[in-house]
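Quick note: the sequence shown uses this note's numbering, first residue 10, plus one each step.
Cβ coordinates follow ideal geometry from the N, Cα and C atoms, glycine included.
Model, not experiment: these values are computed from the prediction.
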Amino acid sequence: MLTHFYVVLAFLLFSIGVMGVLTRRNALVLLLCIELMMSAGILLLVVFSKMHLTHANSFSGAQASQGQIFALFAIMAAAVIGITGIAVIFAFFRKTRSVDINFLNRLKN
Numbered sequence: 010m011l012t013h014f015y016v017v018l019a020f021l022l023f024s025i026g027v028m029g030v031l032t033r034r035n036a037l038v039l040l041l042c043i044e045l046m047m048s049a050g051i052l053l054l055v056v057f058s059k060m061h062l063t064h065a066n067s068f069s070g071a072q073a074s075q076g077q078i079f080a081l082f083a084i085m086a087a088a089v090i091g092i093t094g095i096a097v098i099f100a101f102f103r104k105t106r107s108v109d110i111n112f113l114n115r116l117k118n
């Protein structure tokens with residue numbers, strides 16, 4: 010399959026994530042939208058790495074798959090960010106009994 014289909018898919022995923030961040034007030038939905046945007050970026054890393062691997066015959070295997078290795082580290086970082094975000098949301102919920110981000114000013118106390 011051609012790479013521009015994957016680029017369009019990543020653009021759509023990123024656009025959905027941006028619209029979710031801009032329109033939603035629920036902290037869990039915001040976290041999911043941010044994860045969706047990160048997944049779109051990871052998809053682009055893998056697609057462009059695969060495209061570079063097929064077009065670069067002079068590179069060694071380790072140099073050609075650097076985008077995929079970086080994508081693996083990005084997936085691990087996204088998992089850590091997701092777990093940390095959920096922990097913060099739980100602490101926020103215990104304090105305010107709501108996950109609405111309009112109540113963030115209550116955490117000052």
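Residue nearest to LEU11 within the set PHE102, MET60, ARG33 and THR32 is MET60 (criterion: CA-CA distance). ASN35 is bridged by DSSP to ASP109. Contact between SER74 and SER48 does not hold, since their C-beta atoms are separated by about 19 Å, which reaches or exceeds 8 Å. In chain order, THR12 and TYR15 place their CB closer than 6 Å to the CB of VAL56, counting only its own chain and leaving out the 5 sequence neighbours on each side. Judged by beta-carbon spacing, ALA83 lies within the 9 Å limit of LEU54, meaning their Cβ atoms are closer than that value. Cβ-Cβ distances below 8 Å link ILE25 to CYS42 and LEU45 in the same chain, with the five nearest sequence neighbours on each side left out; the list follows chain order.
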